[in-house]
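Structure, as structure tokens:
Residue numbers (this note's numbering): 81 to 257.
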């Protein structure tokens, strides 16, 4: 009886291997596998979004705009995610601490440079975690007004002027290219 189960198990394994080989060959080699991996990644992201939404609802913190915002409340990253969503310029919720945003945005296909524009994200790696804000206004003299959260303390939203001579300290994240 044990040998019968071994034979059936071996035949099943061989059948699965043959089917996998046929699928890979019939779907342009490894491209099929890569497409399947991307599909699974998308499903995982959607499941994470569903879990986060349920967590927000359970804790009475659901407010429509926070859907998909995985950044810590009260921090600059949380605020910038919300502000970008508010102006219909969504960004990723997985860029991590502000100090990583420029690199990760660039990796995700966003234009990153040293030229501000209204609605772009101001980013600096200065400090332990870095900092991000939203460019709210471009001034005639080249200076900008930035809105941010946690510049001085958690949950505090501030606006400040950044003069032209200070702009070289920052990177600006724009739209996907």
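Here a beta-carbon is modelled for each residue, glycine too, at the ideal position from N, C-alpha and C. Note that the structure is predicted; figures quoted are calculated from it, not measured.
Looking at the backbone, the Cα of residue 194 and that of residue 229 are separated by about 21 Å. DSSP places residue 159 inside the alpha helix (DSSP H), whose first and last residues are 156-166. Taking each of 148, 234, 216 in turn and checking the Cα distance to residue 242, the smallest one comes out for 216. Comparing alpha-carbon positions, the option among 86, 167, 153 lying closest to residue 237 turns out to be 153. Distance from the CA of residue 94 to the CA of residue 83, rounded to the nearest whole angstrom, comes to 16 Å.
Excluding the 5 residues flanking it on each side, residue 175 has same chain C-beta neighbours closer than 6 Å at 181, 184, in chain order.
Between the C-alpha atoms of residue 86 and residue 102 there is a straight-line separation of about 24 Å. Relative to residue 173, the option among 160, 204, 111 whose CA is nearest is 160.
Straight-line spacing of the CA atoms in residue 250 and residue 231 works out to 15 Å.
Straight through space, the alpha carbons of residue 200 and residue 167 are spaced by roughly 11 Å. Under the three-state reduction of DSSP, residue 152 is assigned to coil, being neither helix nor strand. Look at the region 222-248 and you find these whole runs of beta strand (DSSP E), each 3 residues long or longer: 224-229, 237-242. Comparing alpha-carbon positions, the option among 245, 244, 196, 220 lying closest to residue 255 turns out to be 196. When secondary structure is reduced to three states using DSSP, residue 89 falls in the helix class. Residue 256: member of the beta strand (DSSP E) spanning 251-256, first to last residue. Inclusion of residue 163 and residue 214 in the CB contact set at 8 Å is warranted, their separation being smaller than that value.
The shortest CA-to-CA distance from residue 218 to any of 205, 239, 234 is the one to 239. In the DSSP assignment, residue 169 falls outside any alpha helix (DSSP H), carrying neither H nor E.
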